[in-house]
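Participant:
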Amino acid sequence: MRWFAQLRMRIQMLFMRGKADSRLDDELRFHLDRQIAENVAAGMSAEEARYAALRAFGNPALLREQTRATWSWTWLELLLRDVRFGVRTLRRTPGFAIVAILVMALGIGANVALFTVVRSVLLKPLPFAEPERLVALYEQSADGQFPFNVIAPGVFAEWKKQNRSFSDLALIGDAEFSLSGAGGQLPEKMHGATCTWNLLSTLGVQPALGRNFTAADDRHAANATVLMSWGLWKRRFGGNPAILNQTIHLDGQAYTVIGILPAWFAYPDAATQLWTPVYHYEPAEYMEHIDNHQFDVIGRLKPGITAAQAVADLSVITRRLHDQHLDNSFVSKAANIRPLLEDMVGDIRRPLYILLAATGCVLLIACLNVANLLVARAAARRKELAIRTALGGGRLRLLRERLMESLLLSAAGGALGLLLAYGAVRWLVSTRQGMSRVEAIAIDGAVAAFTVALIVLCALFAGFISSLSAKGNQLLLSLQDSARGSSTGRAHTALRKSLLAAEVGLTVVLLISAGLLLKSYQRLRSSDLGCATENVLTMRLGLPGARYKTPGPAPVNFFETLLGRVRALPGVEAAGIVEAVPGQGYWQDEGFSVVEHPPLPQGKSQYAIFRWADPGYFAAMGIPLLRGQTFDPSRKLDQANQAIINAAFAKQYFPNEDALGKHLKNEKEDHEIVGIVGDTRYSLAKEPKPIQYYPLYAGKENSGVLVFRSSRNVEQLALPVQRIIQEMDHDLPVSDVLTMDQLLGKSTQDESFNATLLVAFAALSLLLAAAGLFGVLSYIVAQRTGEIGIRIALGAQRQQVLRQVLFDGLRPALFGLGFGLAASVGAARLIRSMLYGTQALDPAVFAAVSVTLLLVAALACLLPAWRGSQLDPVQALRME
Amino acid sequence: MGKPNDLVQGTLDLLILKTVSLADMHGWAIAKRIQQVSGEVLQVQQGSLYPALHRLEQQGWIKAKWAESETGRQAKFYSLTAAGHAQLDKETANWNRLSAAIGLVMDEA
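Right, here's the structure in full:
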């Protein structure tokens, strides 16, 4: 029963502590009174008896303390007392507390947000069964240009048949579907995937509703089936399970909905809404190509098989294929492999880690600033602390108070920071929909634990740094110091100055990194695309293959009529159609040979970016026609056997001859080169490459981008043009309606995002560092009021005082600048791979940052210095 | 009276348990009684007595209740719990063993 007695005791001590306190007083007083009574009985006078009893009793306060120390929950009581004391001290200086809490909140908030992203995107395993066995597979192109080339369907078929390393291999391709409108809904263009029937089983995923594909669905002769994303099902079909086994129309073809995927499922990416079997979707002969690299392949390694073994296995199979087709130089010689997670997030790893490092710097600066503020407070309270030490306040006790104070600050800051982080993560998810695994980003238990750890770390860091300044052995010194009106010792400000220097140094590193990224981004945005970008509008449309068969006249007629009507629209200056506009990406390339040149040696090949374009495209896009002419608009279908090349193509493949009139052989047909146009970039960051253009009116392509130009406000024309398209075919959705400016902005979104965030962090730390400088210097001037007063009274020039104080403040800034510049050299190397057209050690950025920093530091120091120089000596001396 | 003999660490607990086991007693009476019974040799200081009483109470060896004292005032009376009885027996046995052992060593000389 002892545990019961103990428990009762504990509960009593926890909830009736006040009563226990007064009871203890009663008990001790009773003892004292009995002693007095005994003394009186022994013959002492009342007065004498009392004194004797008290003498025997000792220090009653101490006795009470010692007795109380045996009670349970004493630690809690002490903690609460520390908290109360800390809160009271902080409330006495609300300005300081608010500033410190905000600084901590920004630092912790930014870190928690970035950590959430890094953890969710980079560190969390993929949400599939045994994700460590999942890999992405590639071909290594025979010419070594593309070590991670996408895969030809025929190669995949051989891999699947012959490999001994994988329990499953699945193929995934891109597809754009237009979902027909039904029940008053508009047709909609959406992103989908074609895949082999075993994609889900390879990943280890089951549909949330309905069934998975079977091998029987994945044949060209099978009925059309489709799986739907949870989001699409909820949005477009009201989450009604009756949609299962119903028919929807994609590109005008009937598909049976056989299942709905779980809400969390996002593979290959979050934009994919529909999945359909690839062997049904693509023509059978298309799936036999071994040189048409179009697909992604994922595999599940058999247990115990390493990636190296698997890639060797596949390379043998690939090599065999290559050797059987020596006449085809586009067949690869080897395979390549990487873990699926790395494959999905590899591109954003470095930028995310760099941003995380930047937020780490911001937090460090925030901590240094708070430590600095705490040191300032400690210095102002030196007298109080010295007196308490003299009266027997333990040094540990004082340290504990200091830590409690900084713990309170960082806990409040951390709570606020968590809110900030929540908002920041929401914002990030909504602005960066295209980022890999964006759907996985969420604040969870691990993030909460990280926040708590961060809070404790910040508290310890700031608390201990500021405690360094509280040296107990200087007790006498500080009592003397504060008693006299002289200036405090120099040693005391040394710590604060080194903190400031560290702060300035970190700020410089952040500023330079941000400056480099910003400059790189500006370079990127101002790089010459080679075409008009002002007042150009683009929109993507795809004609359903069922009604617009290729090759055939239907798409040609449609495109020709459309262009005629758009060009007739008032305000439209020029219009054209192309597969992909400059800046929209690589899209595709094709092999070719020049008929007039000797045949290439076996195993050698030539290929260049390939585009279908209508005759008016070059004029519409503002791409100059350098020589020759554009396609003849009257030549259609089989007659359209012309080609146009760009200047880079002419330079590379016709270095010393006239390209005009020569013929390009592509597949089996010859095309006469009729024109040479200016170079354009397929991506802003990439130098122009050779491009071959072929006439859209050959009727072999039924999708493309409509571009048109106007002299003003081209966006106003979007609706009229869409109306024309609707009138021509009411079941034809239009997507990606973007001006060239928006399109380029979208394509450089990552760079702009990284640069913007880093600039924001750098600006924040500059502000913090400036505030730190200002605070320290103001404090130093206030401390030295007496000294400055005496100097001025003795005839020191005010300018001299100004200069001295200014120099005092600028010295740590200069130290910090030097240290920061040195550290920046290392940091710049780390981000070099993210820079475009900018040197890692760009002198302009380094110089601009140095000047900015010095200016801001001088401004921050100027006000305190000026105030010091304007001191009235009489006032200053009277203050003593 | 010279400097009071320091009680061997832990012995005070034993003395308190033993004293309280005879009758319910308040702090002053406990100190008085130990002093008397030991022939004025053992002086229990308040500075040790009350922390020890409270510690024993927290540990559940003794319990306390407020009752009227012999002078008519309310006082805190301590008494042994069942667990305290067991503990006293154990400690007593321990003490006997220890003092007998020390006695043997001293007699040898």
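Chains E and D, in that order, give the protein sequences. Taken in order, the first sequence gives residues 143 to 1022; the numbers are from this note's numbering. Taken in order, the second sequence gives residues 501 to 609; the numbers are from this note's numbering. Quick reminder that beta carbons are idealized off the backbone N, C-alpha and C, glycines included.
1. With distances taken between CB atoms, is the gap from A477 (chain E) to L456 (chain E) smaller than 7 Å?
2. The region 205–217 of chain E: which residues have C-beta closer than 9 Å to a C-beta of chain D, in chain order?
3. Do I973 (chain E) and S1102 (chain E) come within 7 Å of each other at the CB atom, strictly closer than that value?
4. Let's see if you can read the secondary structure: which residues bound the alpha helix (DSSP H) around I607 (chain E)?
5. If the cut is a Cβ gap below 9 Å, which residues of chain E does Q558 (chain D) touch?
6. Roughly how far, in whole angstroms, is the beta-carbon of A643 (chain E) from the beta-carbon of G958 (chain E), given that I think they are within contact range, below 8 Å?
7. Below 8 Å CB to CB, which residues in the same chain sit around E274 (chain E) once its five sequence neighbours on both sides are set aside?
8. Name, please, each residue of chain E whose Cβ falls closer than 8 Å to the Cβ of G572 (chain D).
9. Would you give the residue range spanned by the beta strand (DSSP E) that Y280 (chain E) belongs to?
10. Name the chain D residues that come within less than 8 Å of L170 (chain E), Cβ to Cβ?
11. State the DSSP-derived secondary structure class of E715 (chain E), mapped to helix, strand or coil.
12. In the DSSP assignment, find the unbroken alpha helix (DSSP H) run with D731 (chain E) in it and report its ends.
13. Should L596 (chain E) and I250 (chain E) be called a contact, given that it needs their Cβ atoms to be closer than 7 Å?
14. How far does the beta strand (DSSP E) with Y835 (chain E) in it extend, from its first residue to its last?
15. Which stretch, first to last residue, makes up the alpha helix (DSSP H) that contains E929 (chain E)?
16. Any beta carbon of chain D sitting closer than 7 Å to that of R144 (chain E)?
17. List, from N- to C-terminal side, the alpha helix (DSSP H) runs of 4 residues or more that fit wholly inside the region 834–900 of chain E.
18. Among residues of its own chain, excluding the 5 on either side of E557 (chain D), which ones have a beta-carbon nearer than 8 Å to its beta-carbon?
19. Determine, for I516 (chain D), whether the minimum Cβ-Cβ distance to residues of chain E falls below 7 Å.
20. So, using beta-carbon positions, are C673 (chain E) and G770 (chain E) closer together than 7 Å?
21. Could you tell me the alpha carbon to alpha carbon distance between G185 (chain E) and R542 (chain E), rounded to whole angstroms?
22. Do the region 510–530 of chain E and the region 235–246 of chain E make contact, defined as three or more Cβ pairs closer than 8 Å?
23. Taking 7 Å as the threshold (beta carbon to beta carbon), is G1036 (chain E) in contact with chain D?
24. Identify the continuous alpha helix (DSSP H) that holds L768 (chain E) and give its terminal residues.
25. Could you check whether the Cβ of G200 (chain E) sits closer than 7 Å to any Cβ belonging to chain D?
26. Kindly give me the distance between the Cβ atoms of T675 (chain E) and D883 (chain E), rounded to whole angstroms, as I take these residues to be in contact under 8 Å.
27. Would you grab the beta carbon distance between I751 (chain E) and A792 (chain E) for me? Rounded to a whole angstrom, and I think it's under 8 Å.
28. Hey, does R523 (chain E) have any beta-carbon neighbour from chain D nearer than 7 Å?
29. Secondary structure at K444 (chain E), three-state DSSP: helix, strand or coil?
30. Determine whether the Cβ of R197 (chain E) lies closer than 7 Å to any Cβ atom of chain D.
31. Kindly indicate which three-state DSSP category A396 (chain E) falls into: helix, strand or coil?
32. For L653 (chain E), collect the residues of the same chain with a Cβ closer than 6 Å to its Cβ; drop the 5 residues on either side in sequence, then sort them by chain order.
33. Using a Cβ-Cβ cutoff of 8 Å, what residues of the region 173–186 of chain E are near chain D? List them in chain order.
34. My parser needs the alpha helix (DSSP H) runs of 4 or more residues fully inside the region 383–437 of chain E; what are they?
35. What are the boundary residues of the beta strand (DSSP E) that E318 (chain E) is part of?
36. Please list, in chain order, the residues of the region 520–533 of chain D that have any C-beta partner in chain E closer than 9 Å.
Facilitator: The structure says:
1. yes
2. L205, R206, Q208, T209, R210, A211, T212, W213, S214
3. What is shown of chain E runs 143 to 1022, which leaves residue 1102 (chain E) out entirely.
4. 587–609
5. Q148, M151, R152, M155, T212, W213, S214
6. 4 Å
7. P267, P481
8. Neighbours of G572 (chain D) on chain E: none; closest Cβ ~12 Å, over 8 Å.
9. 276–282
10. Q546, Y550
11. strand
12. It is not in any alpha helix (DSSP H) - D731 (chain E) instead sits in the beta strand (DSSP E) that spans 731–733.
13. yes
14. 833–837
15. 927–935
16. yes
17. 860–870, 882–889
18. K563, A564, Y578
19. no
20. no
21. 51 Å
22. yes
23. One cannot answer for residue 1036 (chain E) here, as it falls past the ends of chain E, which runs 143 to 1022.
24. Looking at the DSSP string, L768 (chain E) is not in any alpha helix (DSSP H); the run it does join, the beta strand (DSSP E), is 767–770.
25. yes
26. 6 Å
27. Between A792 (chain E) and I751 (chain E) the Cβ distance is about 14 Å, and since that is not below 8 Å, they are no contact.
28. no
29. coil
30. no
31. strand
32. A904, V991
33. H173, D175, R176, Q177, A179
34. 420–423
35. 308–321
36. H526, G527, W528, A529, A531, K532
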